[in-house]
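One structure below.
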Amino acid sequence: MSFEQQLISWAARAAPEPGALPAGGGHHRAIRDWLQSGGLTLLPYDLKTGLVAEVGSGDKVIALRADIDALPIEEATGLPYRSQNQGVMHACGHDIHTSVMLGAALLLKEREAELPGRVRILFQPAEENFGGAKTLIRAGALEEVSAIFGMHNEPGLPVGEFATRGGAFYANVDRFVFKVTGKGAHAARPHEGRDAILLASQLVTVLQSVASREVNTLDSVVLSVTRIQGGNTWNVLPESVELEGTLRTHSSEVQQRVKARVSEIAAGFASAFGAQIDVFWYAGPTALVNDARWADFASEVAARAVVPHPSCRSASRRRRFCGLSSAYSRGVRQHRQRQRIWFAPSGI
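Using the UniProt record's numbering, you'd call the opening residue of the sequence shown number 1 and step up by one each time.
Set out below in structure tokens:
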């Protein structure tokens, strides 16, 4: 079996498991077994399902990261490598990410004596439900690491293209829930109540003005209301309505300003309508901000090792998913003369 076939086999055998995986899951064990069979050192971090391996020696450390969890979706493709776990599938391509990272780890292990430092291999759990990265950080997996490279497949890019850029890339993620409480009444006598549905509907419309009229157009902001729920019959105005949605921003300053303004608007509406609006915020992942010099370095390596032409130069200007793919490990094999600048691109 060729190395490429081995990677494909690993991806097909990656048993999907959800982000909130209990200790000792099958996917976790399989990754551990594959790493150990390749002679890689597993670091003894206190992790239930994540794994950290390391290759090389010395004081300088960089990290490679892949996510390994799945989504709670039934896979009904009928393909021979479809998920065998009911209600769970690798809908976001994390089986590919796992396989690519295993391949990179093994190639680096083969050339361990040539490395000018250490490469830490991170298999992150619970990316889909937001908690996995914090788990790795709390466990100390990023101690000593000077830079970290991650990748994500992008079906929108042609095969062989690579896309990255410096600066903000993925956004801050916030979830909000508004509980609008008015006063229930008969639908034929709305004047006897406080119409929570009417108030919630107007609130949805006004919230859009925050992103479109109160934030600099050069700042990326998306505010979406994704759920409205209230009432259980056709002829009664409900006492309460819930709104739920998400706020996406690239800047923490803009994030806090928009959240404050949204809360102010909710309070103003409550006062004007004689109702009550409770606002609840739930913080998700913070924004991904790529160091421009490391992003340029990744593009340089990808242009040489991932594709036979500089197509990644044009792709790097697109607002696409970030990616390092196996460029890193292939760069080890094909461009050894570049090894000495891994830990100091552009003078870092």
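Note that the Cβ used here is the ideal one computed from N, Cα and C, for glycine as well.
Between the beta-carbon of residue i and the beta-carbon of residue j, is there less than 9 Å?
{"i": "Ala70", "j": "His94", "result": "yes"}
{"i": "Asn172", "j": "Ala267", "result": "no"}
{"i": "Val222", "j": "Ala211", "result": "yes"}
{"i": "Ile73", "j": "Thr49", "result": "no"}
{"i": "Pro238", "j": "Gly274", "result": "no"}
{"i": "Ile31", "j": "Phe123", "result": "yes"}
{"i": "Val52", "j": "Ala139", "result": "yes"}
{"i": "Glu244", "j": "Thr226", "result": "yes"}
{"i": "Ala168", "j": "Ser251", "result": "yes"}
{"i": "Phe162", "j": "Ala272", "result": "no"}
{"i": "Glu75", "j": "Met89", "result": "yes"}
{"i": "Gly117", "j": "Lys60", "result": "yes"}
{"i": "Ser240", "j": "Ala292", "result": "no"}
{"i": "Gly182", "j": "Arg165", "result": "no"}
Kindly indicate which three-state DSSP category residue i falls into: helix, strand or coil?
{"i": "Gly39", "result": "coil"}
{"i": "Ala113", "result": "helix"}
{"i": "Ile73", "result": "coil"}
{"i": "Phe178", "result": "strand"}
{"i": "His186", "result": "strand"}
{"i": "Trp234", "result": "coil"}
{"i": "Phe162", "result": "coil"}
{"i": "Asp67", "result": "strand"}
{"i": "Ala147", "result": "strand"}
{"i": "Leu223", "result": "strand"}
Would you tell me roughly how many angstroms separate the C-alpha atoms of residue i and residue j, rounded to the nearest one?
{"i": "Gly78", "j": "Gln84", "result": "11 Å"}
{"i": "Asp33", "j": "Ile8", "result": "17 Å"}
{"i": "Leu35", "j": "Lys109", "result": "10 Å"}
{"i": "Ala91", "j": "Gly156", "result": "15 Å"}
{"i": "Ala66", "j": "Arg304", "result": "22 Å"}
{"i": "Ile277", "j": "Leu207", "result": "14 Å"}
{"i": "Arg120", "j": "Asn290", "result": "19 Å"}
{"i": "Trp281", "j": "Gln255", "result": "12 Å"}
{"i": "Val180", "j": "Gly39", "result": "58 Å"}
{"i": "Ala126", "j": "His28", "result": "12 Å"}
{"i": "Glu114", "j": "Tyr170", "result": "34 Å"}
{"i": "Arg213", "j": "Ser299", "result": "36 Å"}
{"i": "residue 360", "j": "Thr249", "result": "Because the chain here runs from 1 to 348, residue 360 falls outside it and cannot be looked at."}
{"i": "Ile228", "j": "Leu107", "result": "51 Å"}
{"i": "Pro190", "j": "Thr233", "result": "15 Å"}
{"i": "Gln202", "j": "Asp296", "result": "46 Å"}
{"i": "Ser37", "j": "Tyr81", "result": "23 Å"}
Whose C-beta lies closer than 8 Å to the C-beta of residue i among residues of the same chain, with five residues either side of it excluded?
{"i": "Ala188", "result": "Asn235"}
{"i": "Val262", "result": "Phe176, Leu207, Val210, Leu223, Leu247, Val279"}
Less than 7 Å between C-beta atoms, sequence neighbours within five positions excluded: which residues of the same chain meet that for residue i?
{"i": "Ala283", "result": "Asp174"}
{"i": "Ala270", "result": "Gln276, Ile277"}
{"i": "Gln5", "result": "none"}
Just to check my reading of the structure: residue i and residue j have Cβ atoms closer than 8 Å, yes? What is that Cβ distance to the nearest angstrom?
{"i": "Ala200", "j": "Gly230", "result": "7 Å"}
{"i": "Thr135", "j": "Leu64", "result": "Not quite, the Cβ-Cβ distance comes to about 17 Å (not below 8 Å), so this is no contact."}
{"i": "Tyr45", "j": "Ala141", "result": "6 Å"}
{"i": "Val145", "j": "Ile62", "result": "6 Å"}
{"i": "Met151", "j": "Val100", "result": "7 Å"}
Does the CB of residue i have a neighbour CB from chain C at under 9 Å?
{"i": "Ala30", "result": "The structure shown contains no chain C, having only a single protein chain."}
Going along the chain, which residues of its own chain have a beta-carbon closer than 6 Å to the beta-carbon of residue i, five neighbours each way excluded?
{"i": "Pro22", "result": "Model confidence at Pro22 stands at a pLDDT of 36, short of 50, so the residue's coordinates are unreliable and nothing is read from them."}
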